[in-house]
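Notes follow the structure.
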Amino acid sequence: MQQIREEKCVLCGGNSFKKLFDVGENSIVSCRKCGLTKTKDFFQPDYKRYHRDEEYQNSEWLFRNFFLKKIKQIEEFFPKPGRVLEIGCSTGTLLKLLKSKGWEVWGVEPSKSAEVARKKGIRVIKKYFERAKLANGYFDAIVLNHTLEHLENPISILKKAKTLLKKGGILLVDVPNFGSLSARLFGRYWGYLAPGEHLWHFTPETLKKVFKKAGFRLIRQETASGIFVYGSPLGGLIDKLTHARKSFFTDLVGAPFAYISTKTGLGTNLITIGKNG
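When we follow my numbering, the leftmost residue of the sequence shown carries the number 230, and every step to the right adds one.
This is the structure:
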């Protein structure tokens, strides 16, 4: 594989990268020292995109079921509702559900979707997280749902998140899994590479290292694929049948593959939970 020397790796400081493959005009490269993988020749530094906002607004019915699983994962650690911050909250679907359960909810969202979330009664800071001013030690839980892979420096993002958490607070991060079975099978054609949007491509091993570097104690890591990313897999299928029949049949046919991927820890979604202290 071709060796590339460029700026230092944000995780380990190494400056030697190997090119895995090209995707369009971009190269996917991996640090030879720690394995952290990124998109080389990424978009301009001031171009940051947290979510596909139109997709969120048009498919809220689908994301509602997806977020039910997130809520279960958060509530396992708290006997009663607390304070939660979502970094890159988009239209506020997750926060609205948490609010209905008694949580004090806050969001950070730089795009126009912040206004949609505000109309749902959610406190949203319309800025990039790096510039947002929030109280230290205020939150019980912080969530980054398919956001960390978009941001310029994941280490500094998680370090800032740690300062905002109470002692014993949790951080939940969900990203596409570059170590998944589908990523291994499809390589450069894997849909979640999205080189025009995703700067980072995490595996379970590299994301563990990122958590450790940022000062978090890892307490859980799991993966999920297909209908198994939902709070209710059957409910997810029913929703698809009602709202998106083509997607329903795709998920139904792909269910055995999704089940095997999920059960073997090679699912497409990588969920990692860490604790502050």
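A virtual CB, placed ideally from N, CA and C, is assigned to each residue, including glycine.
Note that the structure is a prediction, hence the values are computed from the model and not measured.
In this structure, does DSSP put residue i in helix, strand or coil?
| i | result |
| --- | --- |
| isoleucine 303 | helix |
| proline 274 | Its pLDDT being 45, under 50, proline 274 is placed unreliably by the model, and nothing is read from it. |
| valine 345 | helix |
| serine 329 | helix |
| phenylalanine 431 | coil |
| threonine 501 | strand |
| glutamate 378 | helix |
| lysine 247 | strand |
| alanine 390 | helix |
| threonine 268 | strand |
| alanine 370 | strand |
| glycine 444 | coil |
| lysine 395 | strand |
| leucine 324 | helix |
Select from the options the residue whose C-alpha is nearest the C-alpha of residue i.
| i | options | result |
| --- | --- | --- |
| phenylalanine 445 | Ile399, Gly494, Lys356 | Ile399 |
| threonine 322 | Leu297, Phe307, Gln302, Ile489 | Leu297 |
| glycine 503 | His379, Ala390, Asn365 | Ala390 |
| glycine 416 | Lys248, Gly243, Leu373, Ser329 | Lys248 |
| alanine 487 | Phe295, Ser409, Val337, Lys349 | Ser409 |
| alanine 370 | Phe358, Leu327, Glu381, Lys438 | Leu327 |
Can you tell me the Cα-Cα spacing of residue i and residue j, whole angstroms?
| i | j | result |
| --- | --- | --- |
| serine 319 | leucine 495 | 27 Å |
| leucine 377 | leucine 414 | 24 Å |
| isoleucine 500 | threonine 392 | 21 Å |
| lysine 475 | glycine 455 | Note that lysine 475 scores a pLDDT of 44, beneath 50, so its modelled location is shaky; the value from the coordinates is reported in the next line. One C-alpha to the other measures close to 14 Å. |
| threonine 497 | phenylalanine 440 | 19 Å |
| phenylalanine 431 | serine 411 | 14 Å |
| phenylalanine 246 | phenylalanine 407 | 17 Å |
| isoleucine 489 | threonine 452 | 11 Å |
| valine 334 | glutamate 304 | 14 Å |
| tyrosine 357 | glutamate 315 | 12 Å |
To which residues does DSSP link residue i through a beta bridge?
| i | result |
| --- | --- |
| leucine 436 | Answer is none; leucine 436 lacks a bridge partner. |
| glycine 336 | Glu315, Val353 |
| serine 256 | Asp251, Lys269 |
| threonine 452 | Leu499 |
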